[in-house]
Amino acid sequence: MINIANSFQEAQQAFLLLKQKSSQERVAFLEEVAKQIELLKETLIPIAAKESNLTEGRITGELGRTLGQIRLFSGLVGEGSWVEAVIDHEDAERKPVPKPDIRRMLRPLGPVVVFGASNFPLAFSTAGGDTISALASGCPVLYKAHPAHPETSRIVAKALQTAVEICQMPKGTFQHIEGGIDTGQELAAHPLAKAIAFTGSFKGGKALFDTCNKRDIPIPVYAEMGSVNPIFTFEAFLDENLESAATAYANSLVLGVGQFCTNPGLVFVPKSHEEAFSNQVINQLKTVSGAPMLHEGICKTYHEALKNLAIEEKLEWLLTTEANQLLIGNPSLAKVKASDWLNEDAFQEEVFGPFAIMVVYDSIEELEDVAIKLKGQLTCTVWASSKELAENAPFLNLLEERCGRLLFKGVPTGVEVGHAMQHGGPFPSTTDSRSTSVGSFAIKRFARPIAYQDMPEGLLPEELKEDNPLQILRMVDGEFIR
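Going by the UniProt record's numbering, the residue at position 237 of the sequence shown is 237; the numbering climbs one at a time, nothing skipped.
Structure below.
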C-alpha cells in the first residue's frame, strides 16, 4: 500500500531540484522518455490492445501520437519562448519617482496530480499529454493509473522511471500510483498538491473540482469531462453534399465505438432535409459491425443511458440496439424536433458510445435559441455554404461562446496535436475554459507568473538575463525581440 504523504514529500523535494534544471536538461529527459517507451513497443502494443479492447492498429497509431506529443514538448522547451519572458528596464531619471527594473516569466507550480483516462491508454494516460506537459514545465508528477489498463500503465511507468534514472532527475520526478476513488480523493486533497489534471466523466471531474475548492488553499483543476459536440447543417450545404455529409457524420459517430470526448452526439438538420439525411445516416450505420467497448462498466453505462432516454416521449427512435453479454456497442440514433429539444436538458447529456440525436429545426431563429440554450462544448461544427455563413453571422457569434473549437469543415473526432489546438471549452465540458489539454499551450496550466524586481543579474534565470543567452523571443520595454 503506497503512502501518499511520503509520495508528496518526495515530489516536493524533487520540485525544488527540478526548478534548478536547465531547459536543455529537461529536453534531454523528455527525449529519453520517448526513447524508452519506443523500446518497449513490442511488449506494450499487444498488452494495451488486450486491456482496452482496442485493435493493435489503433494502439500503434496512439503510440505514435504519444511519442509525437512528447517530442512536441521537447521542442517547445528547447525553443524556450513559452515562458513569456518580459523585461521592463529601470529608469533612474524618471520623475516624480524612479522606475524600477522588473522582469517577469512563467515558473512551474509544484507537484501535479494526473489522472489517467480510460479511452486512451497511451495518449491520455501514463505518459500522455497531461503528464508530459507537467514534466516539461518543471513540475513533478504523481500519476494515478486508470484501473481499466493497469499493466499498460505499469509498462509505460517503467519507461518513465528508467528515463529519470538515466538523466539523473530527482527520485520523485515521476511516481506511479494505483488505487480507487478514495486514493484519488486523497491525492487531490493533499496540501502539497499544486494542480490536478483529469480526463474522464463529468461525475469524476466535478468530484475532484469540488474537493480542491474545499481545501484550505484551493488549487486549479483542469478536468476535461466530455461533451456532445453538435454539428449544425444548413440547406444549401446539404443540397450539394448530402450523401458525403451523412457518410462523414456516421463514420465519425462510430469511430472508436463512439468512445471519444469529441464524438458528435448531436446533429442539427433543417426540416427540408430531415428524411433524406436520416435515411443516408441510417443506411451507413446499418453497415457497421458492432465492436467491443473499452470495458464492461462503460458498456453497461452506455446501455443504461439509452434505456433512460427510451422513456422520453418526444424522442423518435430511428435505430436501436439492445444490451448483450459481449461488451458490444452497436450504434443507436434518435430524432427530436428543435422545439422539444429546447425544453429538455436530458437531450444535451453525453452518452459515451455510438449514439446520437438528430434535431430537426425549422428556422435560423430556432438555431439561435439552440445556441443560447446549449451547454459548454469541446467542439461545435458548422456545415454551411459560404453564403449561409455570411448570412448567419449572429448565430456564429452566439455559437463561439459555447465551445473551445469551432469547425467549418470535417468532423470533430481526430484532435490535431500542435501549437494552435484548443481542446477545452466552457463548463461543463471542462472546469477551466482558459486551458487546453492537447497541444503546446497545455504546458501553461502548470506554471504561474512571477516578477523579479531589481534582482541582481547573477541571480536571474537564464530566460531573463540581459544578454538573452537562450536567444528566446522576449518582450523588452514593450517590443518583442530576440
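No residue lacks a Cβ here, since even glycine has one placed at the ideal position from N, Cα and C.
Exposure label - residue i; buried when at least 16 CB within 10 Å
{"i": "residue 146", "result": "buried"}
{"i": "residue 124", "result": "buried"}
{"i": "residue 330", "result": "buried"}
{"i": "residue 246", "result": "buried"}
{"i": "residue 459", "result": "exposed"}
{"i": "residue 480", "result": "exposed"}
{"i": "residue 87", "result": "buried"}
{"i": "residue 317", "result": "exposed"}
{"i": "residue 188", "result": "buried"}
{"i": "residue 350", "result": "buried"}
{"i": "residue 89", "result": "exposed"}
{"i": "residue 26", "result": "buried"}
{"i": "residue 51", "result": "buried"}
{"i": "residue 238", "result": "buried"}
{"i": "residue 431", "result": "buried"}
{"i": "residue 313", "result": "exposed"}
Residues sharing a beta bridge with residue i, DSSP
{"i": "residue 88", "result": "102"}
{"i": "residue 332", "result": "355"}
{"i": "residue 479", "result": "476"}
{"i": "residue 484", "result": "Given that the chain is displayed from residue 1 to residue 482, the structure contains no residue 484 and the question cannot be resolved."}
{"i": "residue 107", "result": "448"}
{"i": "residue 224", "result": "199 and 430"}
{"i": "residue 143", "result": "114 and 176"}
{"i": "residue 266", "result": "357"}
{"i": "residue 337", "result": "360"}
Alpha-carbon spacing of residue i relative to residue j, whole angstroms
{"i": "residue 120", "j": "residue 423", "result": "15 Å"}
{"i": "residue 195", "j": "residue 68", "result": "24 Å"}
{"i": "residue 277", "j": "residue 443", "result": "42 Å"}
{"i": "residue 21", "j": "residue 471", "result": "18 Å"}
{"i": "residue 410", "j": "residue 248", "result": "8 Å"}
{"i": "residue 337", "j": "residue 126", "result": "43 Å"}
{"i": "residue 202", "j": "residue 376", "result": "12 Å"}
{"i": "residue 24", "j": "residue 236", "result": "54 Å"}
{"i": "residue 438", "j": "residue 417", "result": "6 Å"}
{"i": "residue 326", "j": "residue 58", "result": "20 Å"}
{"i": "residue 427", "j": "residue 356", "result": "21 Å"}
{"i": "residue 386", "j": "residue 257", "result": "33 Å"}
{"i": "residue 291", "j": "residue 243", "result": "25 Å"}
{"i": "residue 17", "j": "residue 208", "result": "28 Å"}
{"i": "residue 77", "j": "residue 461", "result": "15 Å"}
{"i": "residue 353", "j": "residue 10", "result": "40 Å"}
{"i": "residue 251", "j": "residue 445", "result": "33 Å"}
{"i": "residue 435", "j": "residue 441", "result": "8 Å"}
{"i": "residue 175", "j": "residue 358", "result": "45 Å"}
{"i": "residue 215", "j": "residue 240", "result": "55 Å"}
{"i": "residue 287", "j": "residue 303", "result": "20 Å"}
{"i": "residue 275", "j": "residue 230", "result": "19 Å"}
{"i": "residue 465", "j": "residue 80", "result": "13 Å"}
{"i": "residue 388", "j": "residue 415", "result": "26 Å"}
{"i": "residue 165", "j": "residue 310", "result": "55 Å"}
{"i": "residue 4", "j": "residue 183", "result": "8 Å"}
{"i": "residue 299", "j": "residue 162", "result": "36 Å"}
As assigned by DSSP and simplified to three states, the class of residue i
{"i": "residue 451", "result": "strand"}
{"i": "residue 292", "result": "strand"}
{"i": "residue 42", "result": "helix"}
{"i": "residue 298", "result": "helix"}
{"i": "residue 394", "result": "helix"}
{"i": "residue 404", "result": "strand"}
{"i": "residue 315", "result": "coil"}
{"i": "residue 15", "result": "helix"}
{"i": "residue 320", "result": "coil"}
{"i": "residue 212", "result": "helix"}
{"i": "residue 156", "result": "helix"}
{"i": "residue 231", "result": "strand"}
{"i": "residue 2", "result": "coil"}
{"i": "residue 185", "result": "helix"}
{"i": "residue 176", "result": "strand"}
{"i": "residue 381", "result": "strand"}
{"i": "residue 164", "result": "helix"}
{"i": "residue 360", "result": "strand"}
{"i": "residue 412", "result": "coil"}
{"i": "residue 254", "result": "helix"}
{"i": "residue 125", "result": "coil"}
{"i": "residue 23", "result": "helix"}
{"i": "residue 471", "result": "coil"}
{"i": "residue 373", "result": "helix"}
If you pair each beta-carbon of the region 386–396 with each one of the region 291–303, do three or more pairs fall below 8 Å? no
The region 449–461 in contact with the region 93–103 per 3-pair CB rule at 8 Å: yes
Inter-stretch contact at 8 Å, needing at least 3 Cβ pairs: the region 361–370 / the region 277–288: no
Inspect the CB distances between the region 217–230 and the region 185–195 and report whether three or more fall short of 8 Å. yes
Stretch pair the region 124–143 + the region 26–42: three plus CB contacts closer than 8 Å: yes
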